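Structure, as structure tokens:
Protein chains: 2
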Amino acid sequence: MTWLDLAADDPFGVHNLPYGAFDPGDGSRRLGARIGGQVLDLAALERVGLVEAHSTLQATTLNPFLALGRPYWTAVRDRLTELLTDPAFRDRIQPLLLPLAEVTPQLPFEVGDYVDFYSSLTHATNLGRLFRPGAEPLLPNWRHLPIGYHGRAGTVVVSGTDIVRPSGQRKPPDADAPTFGPSRCLDIEAEVGFVVGAASSLGRPLTTKDFHEYVFGVVLVNDWSARDLQAWEYQPLGPFLGKSFATSVSAWVVPLDALASARVPAPQQSPLVLPYLADERIGYDIRIEVVWDGTVVSRPPFSGLYWTPAQQLAHLTANGASVRPGDLYASGTVSGRERDQVGSFIELTWGGAEPVTLADGRTRTFVEDGDTVTLTATAPGPDGTVVGFGEVVGRILPAVS
Amino acid sequence: MTWLDLAADDPFGVHNLPYGAFDPGDGSRRLGARIGGQVLDLAALERVGLVEAHSTLQATTLNPFLALGRPYWTAVRDRLTELLTDPAFRDRIQPLLLPLAEVTPQLPFEVGDYVDFYSSLTHATNLGRLFRPGAEPLLPNWRHLPIGYHGRAGTVVVSGTDIVRPSGQRKPPDADAPTFGPSRCLDIEAEVGFVVGAASSLGRPLTTKDFHEYVFGVVLVNDWSARDLQAWEYQPLGPFLGKSFATSVSAWVVPLDALASARVPAPQQSPLVLPYLADERIGYDIRIEVVWDGTVVSRPPFSGLYWTPAQQLAHLTANGASVRPGDLYASGTVSGRERDQVGSFIELTWGGAEPVTLADGRTRTFVEDGDTVTLTATAPGPDGTVVGFGEVVGRILPAVS
């Protein structure tokens, strides 16, 4: 039990303790841990000697701390838990707590490489139907390997960043030539992202068993997608400008250690995977909510994903590719089997053919200028608690003319 | 004329002055400029006050210097030229010159995002024929936009780094299921890479006219490719593990300013491109040589590429995506029309069907363990000089078992 005045069901209790970066209001950038509605100033905490992590907590991004590896992650987490539960520390900790409302969250880590997978069977099937009508929706490779691609790391932005509607080329099938202009099919993708901590060596693949040693924590991801740009550009080398304008992530990285009680069996796979992808079939019971201008329009269940994050890490490095602190790999759009469980609007409205009605009566097909989309999520914590994720919120600004 | 004892036709004369990073032998990392067979220690040069660039020349990568922007790039280049041509500086400069043979080149910049284009009409047509036999080789979008995708920035390595043969999944068309093992079709891609200097703002596209302000210089790129892995994985999201194991770059970044005399008209485009891609049709007469274990097997001409680097930059940012100092975008495989001008071995040997014979009589289809592949290049410099590029050399080590 924490000595802070926190409700037992607060999703940001001591059982969670996610890490992030914030601007306290003076334009600087500091690391912090979120506890309830407050932020513990980790830079100050280390400076006064209450925690020790080789000065990495005084950096402006989590990357140096991530690079220390699992023994340090555990030691610092244990220490923070002690400081926030033993009342003997109350008087020294309290001055280091800032109200969340008075700080501005920053991107918590410098993104190394950003990889986006495609691991929901339902999403891959739906997109196959929408992008390649008349053809077999699931390609022959899909059940043999976690399909993925590299996204743009430099345009990963923190929750709260406004998103300018992208322009680009699009060509409807019945047009003779492409035109250039603002995307007419701006979409979201609700995903779960895994933040790599420890570095691996070039030429040395990791295995599915290495997941816990190399992955530090989890963020929510909204991989904004311009479907009209994507449809015209993506053959043969994959999505590019249809995705690269922005990817929003939550401001608080939930440590893997906070998700031990959220582990659930992942779906069995058929056909059997190749040995390098064999794993313990551990999924995470992360329940996402997609909120479109105030209306909950979908509740994608992460637990049902076909490919697990451990398999994704093993696949990502199977060719000897190395990982670095700050690498981010996302699950791909989380879509459950039901229409109100899908993680993208192209699925929700079936390519725009079946508009959704918001709570106030407005209808929507794709995201309009001024719309705000928010992703939130929770997962089971220890002893009946709930682990909260920071929200991912983004508002759409009109295209640059 | 430099006061150094350099041949007039030295491709690394004062007309070139490429930048890089090196280890002088003590495990440290310093910036330098190459002049002939020597390296000018830029960190020391700035420390003693002979050049001034806000201490960025004392960093361990070029990124802080790149971020200063074109006015500083020009000022520092002008100053280096002065120091190396005015004999009054000889006695102060000479102690700061190290023999190239006594230092170890390092990756010159930390790679932000790595984008690989696909801008050779011949290469795209050849690959279309090889990967999608029986279908129209060039997809409908190819002449309307420079097709590209994001590669893995964290596995960009400097010339001289050994390349471990990647393993992965591959499935021949007649097999029932994929197998996992070392790639049997390890290939190269000879490319020209553009190093972004100045940062742009998210949401604000650049134009083709911004090329000279934002791009600092040029490296040679070997985008190693495992064709069997690529063929099985690349649908629908593009190349991933078939490419992400390693990309080699030359150690010396040739400033755009050194290539003014290499500018040549780029091929005219038909159909006309959309207005945001209209440019001055400026190509660069960079002549690449591909050397396979000592035998020159190809001479790809960069000047013939359909899409120019100015168009690539405008396209890359057309959706509002920002660029950062250290971003690298490569041309895609440079293939001329003739068989001895192609930039990949899958083209040279037509998918392995037509082996090449090396000078010593050995034959090759794809790259074998122990093989060394070297790319070199030259371009016309001012007053009849030649601009040399640093080589890109890589030797293949056997797969990890």
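Read top to bottom, the protein sequences are chains A and B.
Counting from 1, one number per residue, gives the positions in the first sequence under the numbering used here.
Counting from 402, one number per residue, gives the positions in the second sequence under the numbering used here.
All C-beta atoms, glycine included, are put in the ideal place defined by N, C-alpha and C.
Values in this document were obtained by computation on a predicted structure and should not be read as measured data.
Self-check item: Residue(s) in a DSSP beta bridge with V691 of chain B
Solution: Numbered from its first residue, the second sequence carries residue 691 of chain B at position 290. B:S699 and B:L776.
Practice problem: Determine whether the Cβ of V724 of chain B lies closer than 9 Å to any Cβ atom of chain A. | Solution: Working through the second sequence from its first residue, we reach residue 724 of chain B at position 323. Yes, because at least one Cβ of chain A sits closer than 9 Å to the Cβ of V724 of chain B.
Practice problem: For my contact list, P606 of chain B and A719 of chain B are in at a C-beta cut-off of 8 Å; report their separation, rounded to the angstrom. | Solution: By 1-based counting over the second sequence, the position of residue 606 of chain B is 205. By 1-based counting over the second sequence, the position of residue 719 of chain B is 318. Indeed, because the Cβ distance is near 5 Å, the residues count as touching under 8 Å.
Quiz prompt | 4-residue-minimum alpha helix (DSSP H) runs that sit fully inside the region 164-215 of chain A, ordered along the chain | solution = Runs found: 211-214.
Quiz item: Should S28 of chain A go down as buried or exposed, given a rule of 16 or more other Cβ atoms within 10 Å for buried?
Solution: Sequence index remark: in the first sequence, residue 28 of chain A carries index 28 (1-based). Exposed: under 16 other Cβ atoms inside 10 Å.
Practice problem: Please decide whether W404 of chain B counts as near chain A, where near means a Cβ-Cβ distance under 9 Å. | Solution: Position 3 of the second sequence holds residue 404 of chain B. No, its Cβ sits nowhere closer than 9 Å to a Cβ of chain A.
Quiz prompt | Residues of the region 111-144 of chain A whose Cβ lies closer than 7 Å to any Cβ of chain B, in chain order | solution = G112, D113, Y118, L139, N141 and H144
Quiz prompt | Stretch-stretch touch, CB-based, cutoff 8 Å, three pairs: the region 234-241 of chain A with the region 194-211 of chain A | solution = no
Quiz item: Is A330 of chain A near D116 of chain A, with beta carbons less than 9 Å apart?
Solution: Reading the first sequence from its first residue, position 330 is the one you call residue 330 of chain A. Reading the first sequence from its first residue, position 116 is the one you call residue 116 of chain A. In contact: A330 of chain A and D116 of chain A (Cβ atoms closer than 9 Å).
Quiz item: Cβ of V793 of chain B less than 9 Å from any chain A Cβ?
Solution: Residue numbering aside, residue 793 of chain B sits at position 392 when the second sequence is read from its first letter. Taking Cβ atoms only, chain A never reaches closer than 9 Å to V793 of chain B, which makes this a no.
Practice problem: Work out the CA separation of Y615 of chain B and F389 of chain A for me, nearest whole Å. | Solution: Position 389 of the first sequence, counted from the first residue, corresponds to residue 389 of chain A. Position 214 of the second sequence, counted from the first residue, corresponds to residue 615 of chain B. In a straight line, the C-alpha of F389 of chain A is about 38 Å away from that of Y615 of chain B.
Quiz prompt | Straight-line gap, R184 of chain A to F366 of chain A (C-alpha atoms, nearest Å) | solution = Within the first sequence, the letter at position 184 stands for residue 184 of chain A. Within the first sequence, the letter at position 366 stands for residue 366 of chain A. Their Cα atoms are separated by approximately 8 Å.
Exercise. Output the boundary residues of the beta strand (DSSP E) element that contains Q312 of chain A.
Key: Translated into the one-based positions of the first sequence, residue 312 of chain A becomes position 312. From DSSP, Q312 of chain A is part of no beta strand (DSSP E) but of the alpha helix (DSSP H) over P309 to T317.
Quiz item: Would you say D203 of chain A faces chain B, with C-beta separation under 9 Å as the test?
Solution: Locating residue 203 of chain A in the first sequence gives position 203, counting from the first residue. Just to set this straight, residue 203 of chain A is Gly in the shown sequence, not Asp. Judged by the 9 Å Cβ criterion, G203 of chain A is in contact with chain B.
Practice problem: Using a Cβ cut-off of 9 Å (strictly closer), state whether E633 of chain B contacts chain A. | Solution: Position 232 of the second sequence, counting from 1, holds the residue named residue 633 of chain B. The identity of residue 633 of chain B in the sequence shown is Trp, whereas the question assumes Glu. Closer than 9 Å to some Cβ of chain A, the Cβ of W633 of chain B qualifies, so yes.
Quiz item: Skipping 5 residues on each side, what residues in its chain have a beta carbon closer than 7 Å to that of Q106 of chain A?
Solution: Sequence index remark: in the first sequence, residue 106 of chain A carries index 106 (1-based). Same-chain partners within the cutoff: A21, F22, D23, R29 and V158.
Quiz item: Taking the continuous beta strand (DSSP E) assigned at Y519 of chain B, which residues delimit it?
Solution: Position 118 of the second sequence, counted from the start, is the residue given in the question as residue 519 of chain B. In the DSSP annotation of this structure, Y519 of chain B is not part of any beta strand (DSSP E), being labelled neither H nor E.
Quiz item: Taking a cut of 9 Å between CB atoms, which residues from the region 560-584 of chain B lie near chain A?
Solution: T562, D563, I564, V565, R566, P567, S568, G569, Q570, K572, A578, P579, T580, F581 and S584
Quiz item: By Cβ distance, which residues of its chain are closer than 6 Å to V392 of chain A, with the 5 residues on each side in sequence left out?
Solution: Residue mapping note: residue 392 of chain A aligns to position 392 of the first sequence, counting from 1. Excluding residues within five positions, the ones whose Cβ falls inside 6 Å are S159, L220, N222, S248, S250 and L375.
Quiz item: Name the chain A residues that come within less than 7 Å of F646 of chain B, Cβ to Cβ?
Solution: Position 245 of the second sequence holds residue 646 of chain B. By Cβ distance, chain A contributes N319, G320 and A321.
Practice problem: Establish whether the CB of P509 of chain B and some CB of chain A are separated by less than 9 Å. | Solution: Numbered from 1 along the second sequence, position 108 holds the residue referred to as residue 509 of chain B. Answer no: the Cβ-Cβ gap between P509 of chain B and chain A never drops below 9 Å.
Exercise. Output yes or no for whether 9 Å exceeds the beta carbon distance between G733 of chain B and G582 of chain B.
Key: Numbered from its first residue, the second sequence carries residue 733 of chain B at position 332. Numbered from its first residue, the second sequence carries residue 582 of chain B at position 181. With contacts defined as CB atoms closer than 9 Å, G733 of chain B and G582 of chain B fail to qualify as a contacting pair.
Self-check item: Chain-ordered neighbours of V788 of chain B on chain A, where CB pairs are closer than 8 Å
Solution: In the second sequence, the residue the question calls residue 788 of chain B occupies position 387. Against V788 of chain B, chain A offers no close residue; the least beta-carbon distance is about 30 Å (beta-carbon pairs closer than 8 Å).
Quiz item: With C-beta atoms as the reference, is G343 of chain A less than 9 Å away from A231 of chain A?
Solution: Counting from 1 along the first sequence, the entry for residue 343 of chain A is found at position 343. Counting from 1 along the first sequence, the entry for residue 231 of chain A is found at position 231. Not in contact: G343 of chain A and A231 of chain A (Cβ atoms no closer than 9 Å).
Quiz item: DSSP puts L498 of chain B in a beta bridge; with which residues?
Solution: Residue 498 of chain B sits at position 97 when you count from the first residue of the second sequence. Partner(s): B:L441.
Quiz item: If the cut is a Cβ gap below 9 Å, which residues of chain B does I93 of chain A touch?
Solution: Residue numbering aside, residue 93 of chain A sits at position 93 when the first sequence is read from its first letter. Here the premise fails: no neighbours, minimum Cβ distance about 37 Å.
Practice problem: Taking a Cβ distance cut-off of 8 Å, strictly less, list which residues of the region 2-31 of chain A are near chain B, in chain order. | Solution: none
Self-check item: Range of the contiguous alpha helix (DSSP H) that encloses I797 of chain B
Solution: To locate residue 797 of chain B, count along the second sequence from 1; it is residue 396. Where I797 of chain B is concerned, there is no enclosing alpha helix (DSSP H), although the beta strand (DSSP E) it sits in stretches over V793 to L798.
Quiz item: Of all the CB atoms in chain A, is at least one closer than 9 Å to the CB of I548 of chain B?
Solution: Walking along the second sequence from the start, residue 548 of chain B turns up at place 147. Taking Cβ atoms only, chain A reaches closer than 9 Å to I548 of chain B, which makes this a yes.
Quiz item: Can a CB atom of chain B be found closer than 9 Å to the CB of L40 of chain A?
Solution: Translated into positions along the first sequence, residue 40 of chain A becomes position 40. No - not a single Cβ of chain B is within 9 Å of the one on L40 of chain A.
Quiz item: Across which residues does DSSP place F22 of chain A in a beta bridge pair?
Solution: On the first sequence, residue 22 of chain A is found 22 positions in, with the first residue counted as 1. Checking the DSSP bridge columns, you'll see F22 of chain A partnered with A:R30 and A:P105.
Exercise. State the start and end residues of the unbroken beta strand (DSSP E) segment that holds L729 of chain B.
Key: Within the second sequence, numbered from 1, the residue matching residue 729 of chain B stands at position 328. That run of the beta strand (DSSP E) goes L729 to A731.
Exercise. Output the residue ranges of the alpha helix (DSSP H) runs that lie fully inside the region 723-761 of chain B and measure 4 residues or longer, sorted by chain position.
Key: Within the region 723-761 of chain B, the complete alpha helix (DSSP H) runs of at least 4 residues are 746-749.
Quiz item: L83 of chain A touches chain B at which residues, Cβ-Cβ below 8 Å?
Solution: The count along the first sequence starts at 1 and reaches residue 83 of chain A at position 83. Going along chain B, no residue has its Cβ under 8 Å from L83 of chain A, so there is no contact; the nearest lies around 35 Å.
Practice problem: Answer yes or no: does any C-beta atom of chain B fall closer than 9 Å to that of D327 of chain A? | Solution: Translated into the one-based positions of the first sequence, residue 327 of chain A becomes position 327. Chain B, which has a Cβ nearer than 9 Å to the Cβ of D327 of chain A, makes this yes.
Quiz item: Hey, would you say L499 of chain B sits closer than 9 Å to V440 of chain B, going by beta carbons?
Solution: Within the second sequence, numbered from 1, the residue matching residue 499 of chain B stands at position 98. Within the second sequence, numbered from 1, the residue matching residue 440 of chain B stands at position 39. Yes, they are a contact pair.
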